[in-house]
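Going letter by letter, the sequence shown gives residues 1 to 139 in the UniProt record's numbering.
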Amino acid sequence: MDLNERLNRFKLQQERCQASLSSIAAARAPSSAPTKPQQYAARPATARPSAPAPAPAVRFSDDTARLQKMHAVRNSAVGLQIKAVIELLYRTRKALTAKQINEATYVDIAGNSAVFENLRSNPCTLTGGAFSLTSPRTA
Numbered sequence: 001m002d003l004n005e006r007l008n009r010f011k012l013q014q015e016r017c018q019a020s021l022s023s024i025a026a027a028r029a030p031s032s033a034p035t036k037p038q039q040y041a042a043r044p045a046t047a048r049p050s051a052p053a054p055a056p057a058v059r060f061s062d063d064t065a066r067l068q069k070m071h072a073v074r075n076s077a078v079g080l081q082i083k084a085v086i087e088l089l090y091r092t093r094k095a096l097t098a099k100q101i102n103e104a105t106y107v108d109i110a111g112n113s114a115v116f117e118n119l120r121s122n123p124c125t126l127t128g129g130a131f132s133l134t135s136p137r138t139a
């Protein structure tokens, strides 16, 4: 008895999926008549009203590439991370916070004490609460 209920539930789910797939295909197809008549029943009347269209999703491949780059930067040597931060500061010529640097280069200054201590001890980079690249003062 339980198996029959599960089978009926599965068949109903398959019908719903097929109906939604065919409606998507009909929406994308040109205005010409469909080549294959629809064999499946429409959605039952008890179905929920459709929700508003969701925001465009981030493509998985784009997000994967970003995450792989972030992983590569964070696992690289401390010297390479410091070099990336100094190059960013040199390019922008602005005072950037640790959060802004993390967003631009994926170098986590707050989470990596070796990078933070090195940049903090460098008089050319730490100014107030932000990091900036200034020319060293000559004596």
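The C-beta atom is built at its ideal place from N, Cα and C for all residues, glycine as well. This one's a predicted model, so the numbers in the text were calculated from it and none came from an experiment.
Query	Result
Is I109 near A98, with beta carbons less than 8 Å apart?	yes
Excluding the five sequence neighbours on either side, which residues of its own chain have a C-beta within less than 8 Å of the C-beta of Y106, listed in chain order?	K69, M70, V73 and R74
Write down every uninterrupted run of the alpha helix (DSSP H) in the segment 71-133 whose length is 4 residues or greater and which is fully enclosed by it, in chain order.	78-92, 98-105 and 113-121
With a threshold of 16 other CB atoms inside 10 Å of the CB of L131, please say whether the residue is buried or exposed.	In the sequence on display, residue 131 carries Phe and not Leu. F131 should be labelled buried.
Do A114 and V85 count as a contact pair if the criterion is CB distance below 8 Å?	no
Of the choices R91, Q81 and S76, whose alpha-carbon is the least far from that of F116?	Q81
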